[in-house]
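Participant: Letter by letter, the sequence shown follows residues 2 to 254 in my numbering. Pasting a structure below so you can have a look.
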Amino acid sequence: MTDTTKTALEGLGSKEKATLAMDMMHRIIMHHVLWFTEVRHQMGTEKAHDTLWKALETSRGIQLKRLSKTLGFGLTDGIPDALLNLDDEAMDAFLESISINWLANDGVWFQSVEFTHGMNDAKRCNDSCWAHFSPFEASAVKRFLGLSEKPGLEGLKAALKFRMYARINEQSIVEEEENSFVFQMNKCRVQTARQRKGLDDYPCKSAGLVEYPSFARAIDPRIRTECVGCPPDAHPDTWVCAWKFTLDPEGGR
2 MTDTTKTALE GLGSKEKATL AMDMMHRIIM HHVLWFTEVR HQMGTEKAHD TLWKALETSR
62 GIQLKRLSKT LGFGLTDGIP DALLNLDDEA MDAFLESISI NWLANDGVWF QSVEFTHGMN
122 DAKRCNDSCW AHFSPFEASA VKRFLGLSEK PGLEGLKAAL KFRMYARINE QSIVEEEENS
182 FVFQMNKCRV QTARQRKGLD DYPCKSAGLV EYPSFARAID PRIRTECVGC PPDAHPDTWV
242 CAWKFTLDPE GGR
């Protein structure tokens, strides 16, 4: 019997094989996402997040160990040595590049829907996406920082510093009181790019009203979120959007 798989690979050049390898890696990512999505659908968000972190640790370890043997790179505590050996400047640049790539990927998806189906569908999909991404990102940050189940406003302050856009936007915390503070996005990479082109602010309030409350609740269910202002709202030059977070000791029960 002919080995059709082997025959098919023998017909590919190095460029085609490299392209296939990248495509197969993307399939792994998509399968990972679809598993998470289905567990969330079948079992709920909380159980999906718990299962995700267990599966991720095991899967990542298996994949990196196999790839390190195949490609000949070292691992220390499950982390590629090439990353551990970067100096601070190079690592900071690497983290910034990852953040920019995340934002670019978000924009590509938005425009892919917008240019095919129109702005309304793009905004609708965008807002719904944030409803899922924000609590996921909060779960990821809580896990990375080792935050408790209900870390309060101090936990939220810490978590906000580790969001994907924290390295590429400018943000600050002001008006701090015992049970509340205001978070300001002082410079937003998306809005700054639009300003350079002479465009109005992108009206992101509908997404923000999904994004910020769901992130804060996932950090601590007792935290309530109020929009101080977000485009298309008028805002001062010192910030683009601002959000007030308040801890309700009786909330989240």
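All C-beta atoms, glycine included, are put in the ideal place defined by N, C-alpha and C. Keep in mind it's a predicted model, so treat the numbers as computed, not measured.
Which residue comes first and which comes last in the beta strand (DSSP E) that contains Thr239?
Facilitator: For the purposes of this step, residue 239 is taken as the residue at position 238 of the sequence shown. Per DSSP, Thr239 belongs to no beta strand (DSSP E) and is neither H nor E.
Participant: Per DSSP, Pro81 is paired with what?
Facilitator: Taking the first residue of the sequence shown as 1, we reach residue 81 at position 80. Paired residue(s): Leu76.
Participant: How big is the Cα-Cα spacing for Asp238 and Glu47?
Facilitator: Walking along the sequence shown from the start, residue 238 turns up at place 237. Walking along the sequence shown from the start, residue 47 turns up at place 46. Spanning the two alpha carbons is a distance of roughly 39 angstroms.
Participant: According to DSSP, is Thr158 helix, strand or coil?
Facilitator: Walking along the sequence shown from the start, residue 158 turns up at place 157. Per the sequence presented here, residue 158 reads as Lys, with Thr not at that position. Correct three-state label for Lys158: helix.
Participant: If contacts are defined as beta-carbon pairs under 8 angstroms, then Thr52 and Val40 qualify, I think. What distance do you get, rounded to the angstrom?
Facilitator: Counting from one through the sequence shown, the residue named residue 52 turns up at place 51. Counting from one through the sequence shown, the residue named residue 40 turns up at place 39. The Cβ separation is near 5 angstroms, so the contact holds.
Participant: Are three or more beta carbon pairs between the region 206 to 213 and the region 131 to 138 nearer than 8 angstroms?
Facilitator: Output reads yes: the region 131 to 138 touches the region 206 to 213.
Participant: Could you check the C-alpha separation between Met2 and Leu21 for me, to the nearest Å?
Facilitator: To locate residue 2, count along the sequence shown from 1; it is residue 1. To locate residue 21, count along the sequence shown from 1; it is residue 20. Because the pLDDT of Met2 is 45, which lies under 50, any placement of that residue in the model is unreliable, and the question is left without a value.
Participant: Could you tell me which whole alpha helix (DSSP H) segments of length 4 or greater appear in the region 22 to 103?
Facilitator: Correct list: 46 to 72 and 82 to 85.
Participant: Suppose you measure from the CA of Lys66 to the CA of Ala105; what does that come to, to the nearest Å?
Facilitator: Walking along the sequence shown from the start, residue 66 turns up at place 65. Walking along the sequence shown from the start, residue 105 turns up at place 104. Near 30 angstroms, if we compare the C-alpha coordinates of Ala105 and Lys66.
Participant: Given that a residue counts as buried once 16 or more other Cβ atoms are within 10 Å of its Cβ, and exposed if not, what is Trp240?
Facilitator: By 1-based counting over the sequence shown, the position of residue 240 is 239. Buried, because 16 or more other Cβ atoms sit within 10 Å of the Cβ of Trp240.
Participant: Where Ala141 and Glu227 are concerned, what is the direct C-alpha to C-alpha distance, given to the nearest angstrom?
Facilitator: By 1-based counting over the sequence shown, the position of residue 141 is 140. By 1-based counting over the sequence shown, the position of residue 227 is 226. Answer to the nearest angstrom: the Cα atoms are 23 angstroms apart.
Participant: What does Lys245 pair with, by DSSP beta-bridge criteria?
Facilitator: Here residue 245 corresponds to residue number 244 of the sequence shown, with the count starting at 1. Partner(s): Val183 and Glu227.
Participant: If you drop the 5 nearest sequence neighbours on each side, which residues of the same chain put their C-beta closer than 7 angstroms to that of Pro250?
Facilitator: Taking the sequence shown and counting its residues from 1, one reaches residue 250 at position 249. The residues are Arg223.
Participant: DSSP state of Ala9, grouped into three classes?
Facilitator: The residue given as residue 9 occupies position 8 in the sequence shown. In the structure shown, Ala9 sits in a helix (DSSP, three-state: H, G or I).
Participant: Go through its chain and collect everything with a Cβ distance to Ala83's Cβ below 7 angstroms, but skip five positions before and after it.
Facilitator: Position 82 of the sequence shown, counted from the start, is the residue given in the question as residue 83. Here the set comprises Phe74.
Participant: My guess is that Ser207 and Lys124 are in contact by the Cβ rule of under 8 angstroms, so how many angstroms apart are they, rounded?
Facilitator: Along the sequence shown, read from residue 1 onward, the residue named residue 207 stands at position 206. Along the sequence shown, read from residue 1 onward, the residue named residue 124 stands at position 123. About 6 angstroms; that satisfies the 8 angstroms criterion.
Participant: For Tyr166 and Gly14, I'd like the C-alpha separation in whole angstroms.
Facilitator: As a first step, residue 166 must be located in the sequence shown, where it is residue number 165. As a first step, residue 14 must be located in the sequence shown, where it is residue number 13. So the two alpha carbons sit approximately 39 angstroms from each other.
Participant: Would Ile99 be called buried (16 or more neighbouring beta carbons within 10 Å of its own) or exposed?
Facilitator: Here residue 99 is taken as the residue at index 98 of the sequence shown, counted from 1. Result: exposed.
Participant: On a CA-only basis, which of Thr193, Asp201, Ser181 and Pro233 is nearest Arg225? Give me that one, please.
Facilitator: As a working mapping, residue 225 is identified with position 224 in the sequence shown. The option with the nearest alpha carbon to Arg225 is Ser181.
Participant: For a quick check, are the C-beta atoms of Leu146 and Phe246 less than 8 angstroms apart?
Facilitator: Position 145 of the sequence shown, counted from the first residue, corresponds to residue 146. Position 245 of the sequence shown, counted from the first residue, corresponds to residue 246. No, Cβ-Cβ distance for Leu146 and Phe246 is not below 8 angstroms.
Participant: Could you have a look at Glu212 and say whether DSSP puts it in helix, strand or coil?
Facilitator: Position 211 of the sequence shown, counted from the first residue, corresponds to residue 212. DSSP places Glu212 in helix when its eight states are reduced to three.
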